[in-house]
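End of the sequence shown = 250 in the working numbering, gap-free, step of one.
Virtual Cβ for every residue (Gly too), placed ideally from N, Cα, C.
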Amino acid sequence: MARKLNESSAVIVGGTSGIGFAAAKSLLRSGLQKLTICARDVTKGRNALSKLAAEFPGAYLHFVQCDASDPARTETAITHAELAMGRIDVLVSTGGGGIIPKPLQEVKVHELIPTITSLMNSILHPIHAVYPVMTKQRCGTIICLTSDVSIIPTYGSTIVGAGMAGISMFCRSLAVEAKQHCIRVNCVSPSVVRGTPLYDKLERDPFAATLISKVEQNAHLGVIMPDEVAEAICFLAGPGSAKITGQVISVSGGGTPI
């Protein structure tokens, strides 16, 4: 049984900016009482917590420094979060990404597997770390961020698409195992999201900027913003999605083929 958000504790990995920070605000706005943000940068983490505390003075807010690409540090961070909040009902794992798309012939062979692995590590390590916590509770919701290039073959996204597809299938397969422990596992899969650090990084690259432009031209329902992805995350975190698991929900504004 999915717990109400006002009775829940959540961890957001990668919650200092962009979609992760927007998800933090959406969850707190919906009544979440306890939140831990995990991120590499201590200064950004404290700044994020300060902003959230000003807007949500009644919530318990906690920050843990964590490099999610490191499995040992990630396990330590999740342990600290559980001790601080008493339990972890929701994990939002948004810490991957940041890879510039480019045609395969421009990728050196020694970069191939490490790049795919780096895309997956920071998303999957937090899931692996929190799974025993939720299994012990016999309750939990895991939501991770992937991308529409995991479902739609896209020129220049061979590497990114492979990594993101790995994340999606990891979560869908885990959902089959996790349901026996009353744990739900889902993915939110945006296309281009304006107003994020990744968007700004992609716009500075000529090849990536061309891809962005094409996606935005097709987004007849509107170009996606972080708050809109956060609303999908918030829905999957709450009791309104209690019977939904193993799904990859695309948020694209029509920018990627249906």
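Express the C-alpha separation of E74 and F48 in angstroms, rounding to a whole number. Within the sequence shown, the letter at position 56 stands for residue 48. Within the sequence shown, the letter at position 82 stands for residue 74. Computed Cα separation, rounded: 21 Å.
Alpha carbon to alpha carbon, what distance is there between G37 and G148? Taking the first residue of the sequence shown as position 1, residue 148 is located at position 156. Taking the first residue of the sequence shown as position 1, residue 37 is located at position 45. The straight-line gap from Cα to Cα measures roughly 33 Å.
Counting only the same chain and skipping the five closest in sequence on each side, list residues whose C-beta sits under 6 Å from that of L53. Numbered from 1 along the sequence shown, position 61 holds the residue referred to as residue 53. Excluding positions up to five away in sequence, the list reads L27, L41, L44 and A45.
Cβ-Cβ distance between V185 and V221 below 8 Å: Indexing the sequence shown from 1 puts residue 185 at position 193. Indexing the sequence shown from 1 puts residue 221 at position 229. Yes, the pair counts as a contact, with Cβ atoms nearer than the cut-off.
Which residues does DSSP list as the beta-bridge partners of I241? Numbered from 1 along the sequence shown, position 249 holds the residue referred to as residue 241. For I241, which the question treats as bridged, DSSP gives the partners V180.
Does the stretch 84 to 93 come close enough to the stretch 121 to 139 to have 3 or more Cβ pairs within less than 8 Å? yes
What runs of the alpha helix (DSSP H), each 4 residues or longer, lie entirely inside the stretch -4 to 26? Entirely contained in the stretch -4 to 26, the alpha helix (DSSP H) runs reaching 4 residues are, in chain order, 10 to 21.
Spell out the partners DSSP gives Y52 in its beta bridges. For the purposes of this step, residue 52 is taken as the residue at position 60 of the sequence shown. BP columns for Y52 point to K26.
Taking the Cβ atom as the reference point for each residue, do V99 and I159 lie within a distance shorter than 8 Å? What you label residue 99 is simply residue 107 of the sequence shown in a count that begins at 1. What you label residue 159 is simply residue 167 of the sequence shown in a count that begins at 1. Going by C-beta atoms, V99 is not nearer than 8 Å to I159.
May I have the straight-line CA-CA distance separating D219 from V5, to the nearest angstrom? Sequence index remark: in the sequence shown, residue 219 carries index 227 (1-based). Sequence index remark: in the sequence shown, residue 5 carries index 13 (1-based). Their Cα atoms are separated by approximately 17 Å.
Could you give the DSSP three-state label for S85: helix, strand or coil? To locate residue 85, count along the sequence shown from 1; it is residue 93. Reduced to three states, the DSSP call for S85 is strand.
Taking 7 Å as the cut-off, is the C-beta of K171 nearer than that to any heavy atom in the ligand HEM? Questions concerning the ligand HEM fall outside what the structure shown contains, since it holds no ligand whatsoever.
Go to I105, then tell me how far its alpha helix (DSSP H) extends in each direction, as first and last residue. Here residue 105 refers to the residue found at position 113 of the sequence shown. Bounds of the alpha helix (DSSP H) holding I105 are V101 to Q129.
Could you tell me the boundaries of the alpha helix (DSSP H) in which G90 lies? The residue labelled residue 90 in the question sits at position 98 within the sequence shown. Note, G90: premise wrong, no alpha helix (DSSP H); not H, not E.
Closest to P63 by CA distance: which of G12, M112 and P95 is it? Reading the sequence shown from its first residue, position 71 is the one you call residue 63. Checked all of G12, M112 and P95; the closest Cα to P63 is M112.
Use the C-beta contact count for D33: other C-beta atoms within 10 angstroms, 16 or more gives buried, fewer gives exposed. For the purposes of this step, residue 33 is taken as the residue at position 41 of the sequence shown. The residue is exposed, with fewer than 16 neighbouring Cβ atoms inside 10 Å.
Would you kindly work out how many angstroms separate the C-alpha atoms of K193 and F162, rounded to a whole number? On the sequence shown, residue 193 is found 201 positions in, with the first residue counted as 1. On the sequence shown, residue 162 is found 170 positions in, with the first residue counted as 1. Roughly 27 Å between the two C-alpha positions.
Cβ shell of D140 (< 6 Å), same chain only, five flanking positions each side left out: One-based indexing of the sequence shown puts residue 140 at position 148. So the list reads S181, S183, S242, S244 and T248, once near-sequence residues are dropped.
Sequence-distant residues of its chain with Cβ nearer than 7 Å to P95 (five each side left out): Here the question's residue 95 lines up with position 103 in the sequence shown. Around P95: G148.
Do the CB positions of A234 and A(-6) come within less than 8 Å of each other? Looking up residue 234 in the sequence shown gives position 242. Looking up residue -6 in the sequence shown gives position 2. Contact: yes.
Going by CA-CA distance only, name the one from V122, G23, V125 and I91 that's closest to R154. The residue you call residue 154 lines up with position 162 of the sequence shown. For the sequence presented, residue 154 should be read as Ala rather than Arg. That would be I91, whose Cα lies nearest to the Cα of A154.
Can you list, in chain order, the residues of its chain with a C-beta nearer than 6 Å to that of G175? Leave out the 5 residues immediately preceding and following it. For the purposes of this step, residue 175 is taken as the residue at position 183 of the sequence shown. For the record, residue 175 in the displayed sequence is Ile; it is not Gly. M126 and G132, listed in sequence order.
Could you give the residue range of the alpha helix (DSSP H) that holds I159? Here residue 159 refers to the residue found at position 167 of the sequence shown. I159 -> alpha helix (DSSP H) spans T150 to A170.
So what does DSSP say about V215, is it helix, strand or coil? Within the sequence shown, residue 215 is the residue found at index 223, counting from 1. Correct three-state label for V215: coil.
Roughly how many angstroms lie between the CA atoms of S1 and A157, to the nearest whole one? Reading the sequence shown from its first residue, position 9 is the one you call residue 1. Reading the sequence shown from its first residue, position 165 is the one you call residue 157. Approximately 28 Å between the Cα atoms of the pair.
Starting from T146, trace the alpha helix (DSSP H) both ways and give me its first and last residue. Here residue 146 refers to the residue found at position 154 of the sequence shown. Element bounds for T146: n/a, residue is neither H nor E.
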